[in-house]
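Just below is one structure, and these are the notes that go with it.
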Amino acid sequence: MAGPKRGIYLQAQALIEFDLRIKRGAAEDEDLQLIDGAATFSELTPFHGVYTQRIPGDHGAAVDISLALLRQAVEARIQIGIRRIPATGLSLSLSCFVSRIRQEIKLFDGVVDKPGNLGVVDKPGNLENSFVVAVVVKSPLALKFKVARADDMGNAVHRFRGYPARVHGRNLDSIPLDFGTIEVQVSWANLD
Numbered sequence: 001m002a003g004p005k006r007g008i009y010l011q012a013q014a015l016i017e018f019d020l021r022i023k024r025g026a027a028e029d030e031d032l033q034l035i036d037g038a039a040t041f042s043e044l045t046p047f048h049g050v051y052t053q054r055i056p057g058d059h060g061a062a063v064d065i066s067l068a069l070l071r072q073a074v075e076a077r078i079q080i081g082i083r084r085i086p087a088t089g090l091s092l093s094l095s096c097f098v099s100r101i102r103q104e105i106k107l108f109d110g111v112v113d114k115p116g117n118l119g120v121v122d123k124p125g126n127l128e129n130s131f132v133v134a135v136v137v138k139s140p141l142a143l144k145f146k147v148a149r150a151d152d153m154g155n156a157v158h159r160f161r162g163y164p165a166r167v168h169g170r171n172l173d174s175i176p177l178d179f180g181t182i183e184v185q186v187s188w189a190n191l192d
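Taking the UniProt record's numbering, I'd label the letters of the sequence shown as residues 1 to 192.
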C-alpha cells in the first residue's frame, strides 16, 4: 500500500493495515476482496508476548494473524550469504526463534540457484534481502538452517546457531558444508 487508507490522524505508535485479495484481473478494482482491516498498537497495549486472532473476511475467508509485543527489545537484521552452490541449486529453509515466542518464525524457504542471492554479507551497507526480527535484550536469537542439494532433499543437513541480543554491534558467522558455505551476519540496533 502506498499510504494509510483509514485516516490521517493516528495516536498509536504502530498501525498494521491489511488488504487481502484474490487477483482476478489487471486492475485492483477487478480483484475479489477477502479481508480488509487494521490493527493499532501503542505503549498502552495491555499484553506482552504473542497474541493470535482470527480475522474473518468476506466470501468465507479468514486469516489467523499472530502479533507479538516485546518490551525492551532490539532489532536483529539477519543477512545470509551463500558461497559455493551446487549446479543443481541449494534447498534452504531458514527460521528463527526469539525470546518469549514459542512459535517458529519462518524467514525463508526455497531454492537458491546462484551464490549470494539472499544478501551480500561482505558489504555491510547492503540491506537487500535481509530479514528483521525483534529480540528482547539479553536473550538469544536462535537461527535454524535446513540445507540440502536441490536434487537430494532426503539428505538435508540441520544447523543451529545462537546469538545473544545486544543493543549495538554485529555477529559474523560461517557455516561450512560439504556442498557450499553459508555466511551469516546479524546486525543489532536499538528500536527507539
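By construction, the Cβ of each residue, glycine as well, lies at the ideal position given by its N, Cα and C atoms. Values in this document were obtained by computation on a predicted structure and should not be read as measured data.
Distance, residue j Cα to residue i Cα
| i | j | result |
| --- | --- | --- |
| Ile16 | Lys138 | 28 angstroms |
| Val120 | Gln79 | In this predicted model, Val120 has a pLDDT of only 40, less than 50, meaning its place in the structure is not dependable enough to derive any value. |
| Asp31 | Val133 | 31 angstroms |
| Ile82 | Leu90 | 9 angstroms |
| Ser99 | Asp109 | 22 angstroms |
| Tyr163 | Leu69 | 20 angstroms |
| Thr88 | Ile182 | 17 angstroms |
| Leu191 | Ser42 | 14 angstroms |
| Glu75 | Lys23 | 34 angstroms |
| Gln103 | Ala165 | 18 angstroms |
| Met153 | Asn171 | 29 angstroms |
| Ala39 | Arg71 | 18 angstroms |
| Ala61 | Gly37 | 13 angstroms |
| Asn129 | His59 | 34 angstroms |
| Ser66 | Ile175 | 31 angstroms |
| Val186 | Arg77 | 6 angstroms |
| Asn126 | Val111 | Reliability of the predicted coordinates at Asn126 is poor, the pLDDT of 39 falling under 50, and the value obtained from them is presented with this limitation in mind. Rounded to whole angstroms, Asn126 to Val111 spans 22 angstroms at the Cα level. |
| Ile55 | Phe18 | 10 angstroms |
| Met1 | Gly25 | With a pLDDT of 47 at Met1, under the threshold of 50, the modelled position of this residue cannot be trusted; read the value that follows with caution. Taking the straight line joining both Cα atoms gives about 18 angstroms. |
| Ile105 | Tyr51 | 14 angstroms |
| Gly169 | Ala189 | 7 angstroms |
Beta-carbon gap between residue i and residue j smaller than 7 angstroms
| i | j | result |
| --- | --- | --- |
| Asp173 | Val184 | yes |
| Gly57 | Ile35 | yes |
| Phe131 | Lys144 | no |
| Val147 | Leu92 | yes |
| Pro115 | Phe179 | no |
Boundaries (first-last residue) of the beta strand (DSSP E) holding residue i
| i | result |
| --- | --- |
| Met97 | It is worth fixing the name first, because residue 97 is Phe in this sequence and not Met. From DSSP, the beta strand (DSSP E) with Phe97 extends over Leu90 to Phe97. |
| Ser130 | From DSSP, Ser130 is part of no beta strand (DSSP E); its letter is neither H nor E. |
| Gly25 | No beta strand (DSSP E) holds Gly25; DSSP gives it neither H nor E. |
| Lys106 | Ile105 to Val112 |
Cβ separation of residue i and residue j, assumed to be a contact under 8 angstroms, to the nearest whole Å
| i | j | result |
| --- | --- | --- |
| Ala73 | Val135 | 6 angstroms |
| Val63 | Leu20 | 6 angstroms |
| Phe97 | Ala150 | The pair is not a contact, with the Cβ atoms about 26 angstroms apart (cut-off 8 angstroms). |
Unbroken stretches of the beta strand (DSSP E), 3 residues or longer, contained in the stretch 42 to 78 = The beta strand (DSSP E) runs lying completely inside the stretch 42 to 78 and spanning 3 residues or more are 49 to 56 and 62 to 69, given in chain order.
What residue ranges within the stretch 145 to 187 form continuous beta strand (DSSP E) runs of no fewer than 3 residues, ordered along the chain?
-> 157 to 164 and 169 to 177
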